[in-house]
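Here is the structure we will look at, set down as structure tokens.
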Amino acid sequence: MNSFDLNKTCIISNNCWGSGFYKDQNVRYNTPFVGLYMQADDYIDFLSNFRKNLTMPISMSFASRYGSMPFPVGRISDSIEILFMHYQSCDEAYDKWSRRVARVPNDDENLLIKICDRDGFTDEHIPRFERLDFSYKVGFLKKGRFSIFDKNIFHEIDVNNNEDCCPSGTELFEITKYYFRENA
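All residue numbers for the sequence shown refer to the UniProt record's numbering, where the first residue is 1 and numbers rise by one.
Structure follows, in structure tokens:
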């Protein structure tokens, strides 16, 4: 993936950040990671055995180990939760997840794996993400929050918000989309 061809690229993101690229380029979602988010531990656990987890059955409910949710919660095995925050029903979340999983390319060279420092992300997640065996990884960290990270993977984002992390996925996309246009 020497440059971004979103017709072929599958963006795997821990929140809604990736959907911004597809909407911005007006192309079909090539990923099931749309309209959802994952806690950092769940996300890295999912990525650690990506191909197997992608094909595992997903069960749906409104119950999470983080409490009752007003949106569907998908569970892969007993340990990984996917929080479908932009879906109204379990059926809708299940159907879209299943349909989009089929679009994920078999070639990992067409995957862009993204993480940011939200949703339970700590300094312990940095080396875990860095060790993942994917060719194209990117991480975003709120400027000044962490001091030790691989600058070839992680990028500090200068944001003025009241949180000790990057903004939400859609806001983060608006900030970072220019980086990819300049570096594609």
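Where a beta carbon is used, it is the ideal one built from N, C-alpha and C, also for glycine.
Since we're looking at a predicted model, the values are computed, not measured.
Hey, could you find the ends of the alpha helix (DSSP H) residue i is sitting in?
i, result
"residue 118", "Taken as a continuous stretch (DSSP letters only), residue 118 belongs to no alpha helix (DSSP H), as it is neither H nor E."
"residue 90", "90 to 101"
Can you give me the Cβ contacts of residue i inside the same chain, cut-off strictly under 8 Å, excluding the 5 residues immediately before and after it?
i, result
"residue 114", "11, 12, 13, 14, 17, 18, 137, 138, 139, 140"
"residue 159", "142, 143, 166, 167, 175"
Span of the beta strand (DSSP E) holding residue i?
i, result
"residue 142", "137 to 142"
"residue 64", "58 to 64"
"residue 154", "154 to 157"
"residue 51", "Unbroken run through residue 51 is the alpha helix (DSSP H), 50 to 55; no beta strand (DSSP E)."
Under the assumption that residue i contacts residue j (Cβ atoms under 8 Å), give the Cβ distance between them as a whole number of angstroms.
i, j, result
"residue 72", "residue 87", "5 Å"
"residue 63", "residue 119", "Rounded, the Cβ-Cβ distance is 18 Å, inconsistent with contact."
"residue 130", "residue 150", "5 Å"
"residue 94", "residue 60", "5 Å"
"residue 7", "residue 27", "6 Å"
Can the beta-carbon of residue i be found less than 8 Å from the beta-carbon of residue j?
i, j, result
"residue 176", "residue 157", "yes"
"residue 112", "residue 9", "yes"
"residue 29", "residue 22", "yes"
"residue 125", "residue 44", "yes"
"residue 117", "residue 143", "no"
"residue 201", "residue 145", "Here the chain has residues from 1 to 184 only, and residue 201 is not among them."
"residue 85", "residue 35", "yes"
"residue 65", "residue 81", "yes"
Can you give me the Cβ contacts of residue i inside the same chain, cut-off strictly under 7 Å, excluding the 5 residues immediately before and after it?
i, result
"residue 97", "32, 58, 74"
"residue 54", "101, 104"
From the DSSP output, which residues share a beta bridge with residue i?
i, result
"residue 131", "Beta-bridge pairing links residue 131 to no other residue."
"residue 29", "DSSP output for residue 29 lists no bridge partner at all."
"residue 10", "111"
"residue 73", "61, 83"
So, at 6 Å on beta carbons, what are the nonlocal neighbours of residue i in its own chain, with the 5 sequence-adjacent residues on each side left out?
i, result
"residue 47", "132"
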